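Residue 559, in our numbering, is where the sequence shown stops; the numbers in between run on with no holes. All residues carry an ideal CB built from backbone N, CA and C; glycine is no exception. All of these numbers come straight from a predicted model, not from anything done at the bench. Only one structure is covered here, and it is reproduced in the block below.
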Amino acid sequence: MYDIVHKIGNEESQGLYQYKAMILDSVHGFIPINAGEYWILQTPFMRRLHNIKQLGANYLVFPSAKHTRLEHSLGSMHIASRMANKILNYALSEHNSKLCAALFTTCNEKAYNSFIQTARLAGLLHDLGHLAFSHMIESGIKNLLAYSNEDKKISEDVSKKLRNILSMLAEKGGKVHEFYTYYFINQLSKMAERTEFNLLDISIKAASVSLFEENNCKVLEELNLTSEAARIIKSIISNEIVDADRLDYLQRDALTSGIVYGNIDIDRLIYGIKLSMDGEKTYITLDMKSMPTLEDIFDARYKMYKSVYFHHKSIAISKSVEKFVNGLADEWDKVKLDLYQDIDLADFLNPIKLSNAIANDNYYFDDNEMDVIIKASAIKGSTQIKRWALSLLNRRELLPISVFKRPEQVMIIASQVLEKLGRKSSSENIRKLVKGIDRNRINDFVREKSNIDSVKVDYYDEEIISEDKIMKISNIFNWKESMYIRSLVQIGSIPVFLVYVYSDNENDHMILRSKINDIRKSVSEEISGIFEEKAKEID
């Protein structure tokens, strides 16, 4: 039985267990790993993350962006550990009994190291449930679950089981990777019960309680932690301003994609972290000398989303993945891997059955498996799924075609219309115009202009920064005290609006490609006309 560490000195705590190894990371340098974490890294749940790319199939756009979820998980753990240590040391150095009582049931070394360990595990495990192609596959999975009852080729039994999974997903908040993460962590904690590491299973459960904001005081109390400590750990990993997750992926994705916007001074940010109380609630704040660093992070966030995550070709690939996954419902028995044996699609997607399969090293639902399914579909699949499989292999011309290549192109059209009509070209007015686009009108226009009956129109409509969400939270990190950040929030909340055209019929799609320049020009003019009509309603 491994004893827990009962010492926290001047050096940063690495949690409850003795130092075991050092991992050299391309972003953060050397990352220390303790014995409990080393065991976790050897489990199938962590090993499968070696084969899940952080940016999905985005390497087709940025060839060097082939880094994995494992790298990101280690980086997030490292940053979470540093942030948690700074928060803990600040609370202890202030000799503030209220801060101590807010975070710990008993203020002792076990509680302090448990706080660090839970934060580290929350960072390490927060993306455990990502499936093949990461975020790119998620809309396809949700569509498959939501519309299974409308597909006549799916049996009633399979459709019923898929709808049950959809209900389970809704209960956990609706985000696919978080849904699977919850069940994978639960399975991992059961595996940890059989190890020689004292409190490891409890620490894993505490990480889950923190990540999913569960009401499980019993688990936390075994580590001398309070629900307020769990809330702070959740904030360390994920909040709308800056967190360990975002601090790692902005730098890592920039480095591997070749973009220069992710250069962030993490040392200065962490140095400036403080902990404050508002009544009974604690929250993370930042000293004003560190505010320029926070501004750099928001600047990197805006530019990375615009240049990488919302790149028009990246979104096109995501939509191809979505169309391919939707087609699997009809083709599953024909293209599934032999190692899946006789399981149907619903059992394959069931998070409990998938977590058991991973724990037993049966299969993993990772990039390697999905690549083989795509190749099999390109050979054995029906005409339609073959068409989408080929678009993800070596036929880039079969990807959905972007009408707008720049994320801000529609915003610029809106701004020009407002200026032309003598209206204020503010973020609020531009947002109103973009959100008011009549999609049915665009659909009809594209069909008429292309003169192709099988043409379909698809849209991507997302904010870089959600002003509604960010304004509802407290002044965490004092972000409201920066006019630069306030302005970026306003600009980032204007939806990036992209339009894609395609046909499921390969020949019609190629005809559509030959007409795309004319379609692009015409759609821009049509949207400008829509904006002129809408702008007259603005005072």
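Residues near residue i in its chain [Cβ-Cβ closer than 6 Å; skip 5 each side]
i    : result
H26  : Note that H26 scores 48 on pLDDT, short of 50, meaning its location in the model is unreliable; the coordinates nonetheless yield the value given after this. Cβ within range, chain order: E129.
G29  : Interpretation of G29 is limited by its pLDDT of 48, a score under 50 that renders its predicted location unreliable; no figure is taken from the coordinates.
L289 : S310, T313
Y504 : E315
V543 : V423
G194 : none
Cβ-Cβ distance between residue i and residue j below 8 Å
i    : j    : result
A560 : L410 : With the chain represented from 21 up to 559, any question about residue 560 goes unanswered, as that position is not in the structure.
L151 : Y202 : no
L365 : A249 : no
I558 : R443 : yes
L245 : T138 : yes
D147 : G95  : no
M156 : S338 : yes
M324 : D362 : no
Q207 : A320 : no
V475 : V521 : yes
L75  : L90  : no
N184 : L36  : no
L240 : I107 : no
Residues near residue i by beta carbon distance below 7 Å, same chain, minus five either side
i    : result
M21  : Since pLDDT at M21 reaches only 49, below the 50 mark, its modelled position is unreliable, and no value is offered.
K373 : D367
Q404 : G347, D524
C237 : S247
Y39  : P52, N54
Residue span of the alpha helix (DSSP H) that contains residue i, given as start and end
i    : result
D353 : 332-355
I432 : 429-440
I511 : 503-512
K301 : That residue, K301, is in no alpha helix (DSSP H); its beta strand (DSSP E) goes 301-306.
M311 : 311-324
T125 : Element bounds for T125: n/a, residue is neither H nor E.
I457 : Per DSSP, I457 belongs to no alpha helix (DSSP H) and is neither H nor E.
V543 : 536-555
R89  : 89-113
P371 : 371-379
T201 : 196-212
From the options, residue whose alpha carbon lies closest to that of residue i
i    : options                : result
D538 : D473, E487, S507, R467 : R467
R426 : G160, G347, V328       : V328
M308 : F497, Q137, I72        : F497
E482 : H331, K181, F465, K395 : H331
V81  : K323, I335, R251       : I335
G149 : F344, I484, D386, S447 : D386
W352 : S397, F465, D319       : S397
S534 : I472, L119, R506       : I472
A85  : L295, K339, L270, E32  : L270
A227 : L165, G143, G193, S159 : G143
R3   : D265, V475, Y303       : There is no way to answer for residue 3, as the model of the chain reaches only from 21 to 559.
D350 : S402, L518, Y360, A77  : S402
I53  : E233, L182, M97        : M97
Same chain, Cβ closer than 8 Å to residue i, five either side skipped, listed in chain order
i    : result
E487 : V509, Q510, G512, S513
I450 : M431, A434, S435, L438, I514
Residue i - containing beta strand (DSSP E), residue span
i    : result
M42  : 39-45
F517 : 516-523
I51  : 49-54
Residue i CB to nearest heavy atom of the ligand FAD below 7 Å
i    : result
E170 : What this structure holds is no ligand at all, so the ligand FAD is not there to describe.
* What are the start and end residues of each continuous alpha helix (DSSP H) run of 4 or more residues lying completely inside the segment 463-493, in chain order? -> 487-492
* Would you list, in sequence order, the uninterrupted alpha helix (DSSP H) runs of no fewer than 4 residues that lie entirely inside the segment 228-293? => 237-242, 247-257, 264-277, 286-291
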